[in-house]
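Below: one structure, written as structure tokens.
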Ligand code: C2E
Ligand code: CA
Ligand code: CA
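Structural data, given as structure tokens:
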């Protein structure tokens, strides 16, 4: 625009025959705007600006702002009226003004681009191009306000199962690919009027505005659950990522509300609770259930209360569950399982508070607390001459703390428990990431003589790889295989293979969650040597364990 106007202006001002404005562009190319006395204007790319030296009846003026060249101006006067000194000054002044104008225009254009880009980035997730959390919240609330007060809406919160494992084992590029693929599939499934966004990490949210208004009170939830299941099913269509065939499994939390009765932040909070219920329940999809919301109340309050609980002695208590040798009945170990005797909420099981603890800065204190209690109990029964190891569950994140081995060594000394009587149960998931610290921590623990067990063996993404990386002493076959063993040949095969593998590597195998005599028998037939579960003992209070171990050892003696 500026160049075009300059050409027209110069033609008129100087009664010129021809005017060229050559503009230097940001990418190094040149663009020529040429006008002639007949009023024509053409513009095209040129290899370089016109010659610096003017023809006899021409004036040429370099266009620059300071040292910065922005172009070149050429004015061809008619042969009959060649330029004179006055014209020279006028073209120089015109050229300087033009240079400044061109520079301004370029700057504005860049500015416009930058603003456009940054406002795009402010509301979009750069990886998937979907709305980001902030945009989802603000547009979502706007959408809710535009709908009739009692119009039902549903929010689906989707979380990719095992995303972390994909990232850790196949790399971030593959992880990104998986996220983009999920975003694309979701985009194709959303309907006009729905709002789709990526909340961050592997979480996506979809606000459904087209929930039918007909039906009874439960109809919207039934509809939303159906939608959620269908979406989960479509997302699970097999795909190939980084050469690995996989299917994207998601857990979906679903919440419905009247448009006028909720804001998006609250809907997200509820959908989040439902999503965890979906994950814990083992199904893909769960609807928000307000009665369970009270139980999973505000995690912040819980953490504040935990801080108090860690300072007293009688709130966080250990339940102890022996594992027994399937042939002799002798105790092979005792697992310490934490319980919270909450002054107001009653007994809380670890699933109700471990997750927030793991994500808080209180994890270190909590881990030390549990170890301390467990070693105190083990020291008690050792004093009675019982040689049985104690197993303590370690949150995977504790292994990221290089101080852990030192703390454990100190606790073992304080309770005078030999290191080999302590078994640390770890799950393999986190062990695949942040390799160095974890390898170091585990190697130090092993060199101290502490035993390691792989918990929930077979449920992770990389159980076998794990074994090649870290030397362990024990594998715990996950309860899910024990349950399905009887009617699933696959589950039985996994148990049999795990037993064989452990045998070959010289490791102990403990089957978890054995509830029936049939399971016990089947395990023995598959070659499993030790088991733990309600069939033998439920977790019991610390003051009972000594006597039970004594009896078991006596009975097992030939
Ligand atoms: P886990 O390590 O797999 O522990 C076994 C869980 O199965 C325990 O649940 C136990 O009570 C339960 N169980 C044992 N036998 C049977 C059975 O025959 N049938 C059934 N249905 N369940 C059985 P619990 O105590 O609720 O613990 C749940 C999880 O919480 C544990 O799973 C463990 O991962 C975690 N946890 C427990 N104590 C601690 C702790 O001190 N620190 C950490 N970081 N995690 C802990
Ligand atoms: Ca365990
Ligand atoms: Ca387990």
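Residue numbers (this note's numbering): 906 to 1463.
Glycine included, C-beta positions come from ideal geometry on N, C-alpha and C.
Reducing DSSP to helix, strand and coil, say where residue 1201 ends up.
-> Caution applies to residue 1201, whose pLDDT of 48 falls short of 50 and renders its modelled position unreliable; the value that the coordinates give is listed next. Here DSSP, grouped into helix, strand and coil, assigns residue 1201 to coil.
Check each candidate in 1217, 1319, 1276 and name the one with the smallest Cα separation from residue 1247.
-> 1217
In the DSSP assignment, find the beta strand (DSSP E) that holds residue 1230 and state where it starts and stops.
-> 1221–1230 is the span of the beta strand (DSSP E), which, as asked, contains residue 1230.
Mind checking which residues open and close the beta strand (DSSP E) that includes residue 1330?
-> Start and end: 1327–1331.
Compute the Euclidean distance between the alpha carbons of residue 1458 and residue 1231, then round it to the nearest angstrom.
-> 13 Å
In three-state terms, what does DSSP make of residue 953?
-> coil
Can you list every residue whose CB sits closer than 6 Å to some heavy atom of ligand 2, going in chain order?
-> 1240, 1298, 1330, 1360
Which word fits residue 1311, buried or exposed, when buried means at least 16 other C-beta atoms lie within 10 angstroms of its C-beta?
-> Answer is exposed; the Cβ neighbour count stays below 16.
Using a Cβ-Cβ cut-off of 6 Å (strictly less than) and excluding sequence neighbours within five positions of residue 1119, which residues of its own chain qualify?
-> Leaving aside the five residues that flank residue 1119 on each side, none in its chain has a CB nearer than 6 Å to its CB.
Residue 946: which of 908, 1101, 1033 sits nearest, CA to CA?
-> 908
Determine the contact status of residue 1359 and residue 1313, defining contact as a CB-CB distance below 9 Å.
-> Contact: no.
Any 3 or more C-beta pairs closer than 8 Å across the region 1285–1295 and the region 1250–1269 = no
Is it true that the CB of residue 1297 sits closer than 9 Å to the CB of residue 1467?
-> The structure shown does not extend to residue 1467, since the chain is modelled only from 906 through 1463, so no value can be given for it.
Local conformation of residue 1394 per DSSP, three classes | The three-state reading of DSSP puts residue 1394 in helix, counting H, G and I together.
Should residue 1417 be counted as a contact of ligand 3 given a C-beta to heavy atom distance under 8 Å?
-> yes
Give a single yes or no on whether residue 1378 has its beta carbon closer than 8 Å to a heavy atom of ligand 3.
-> No, since every heavy atom of ligand 3 falls outside the 8 Å radius drawn around the Cβ of residue 1378.
Have a look at 966, 1018, 1428 and flag the residue whose alpha-carbon is nearest the alpha-carbon of residue 995.
-> Nearest of 966, 1018, 1428 to residue 995, Cα basis: 966.
DSSP three-state call for residue 920: helix, strand or coil?
-> coil
State the beta-bridge partners of residue 1320 as determined by DSSP.
-> Residue 1320 is not bridged to any residue.
If you measure from the beta carbon of residue 983 to each beta carbon in chain B, is any gap under 9 Å?
-> Included in the structure is just one protein chain, with no chain B present.
Tell me whether the beta-carbon of residue 1004 lies closer than 9 Å to the beta-carbon of residue 1034.
-> In this structure, residue 1004 sits away from residue 1034, with a CB-CB distance that is not shorter than 9 Å.
At a cut-off of 8 Å, is residue 1384 close to ligand 3 when judged by its beta-carbon and the heavy atoms of the ligand?
-> yes
Alpha helix (DSSP H) segment containing residue 1181, residue limits | 1169–1186
Would you say residue 1474 touches ligand 1, meaning its beta carbon is less than 8 Å from a heavy atom?
-> What the structure shows of the chain is the stretch from 906 to 1463, and residue 1474 is not part of that stretch, so it cannot be assessed.
Between residue 1137 and residue 1429, what straight-line distance do the alpha-carbon atoms span, to the nearest angstrom?
-> Straight-line Cα distance between these residues: approximately 39 Å.
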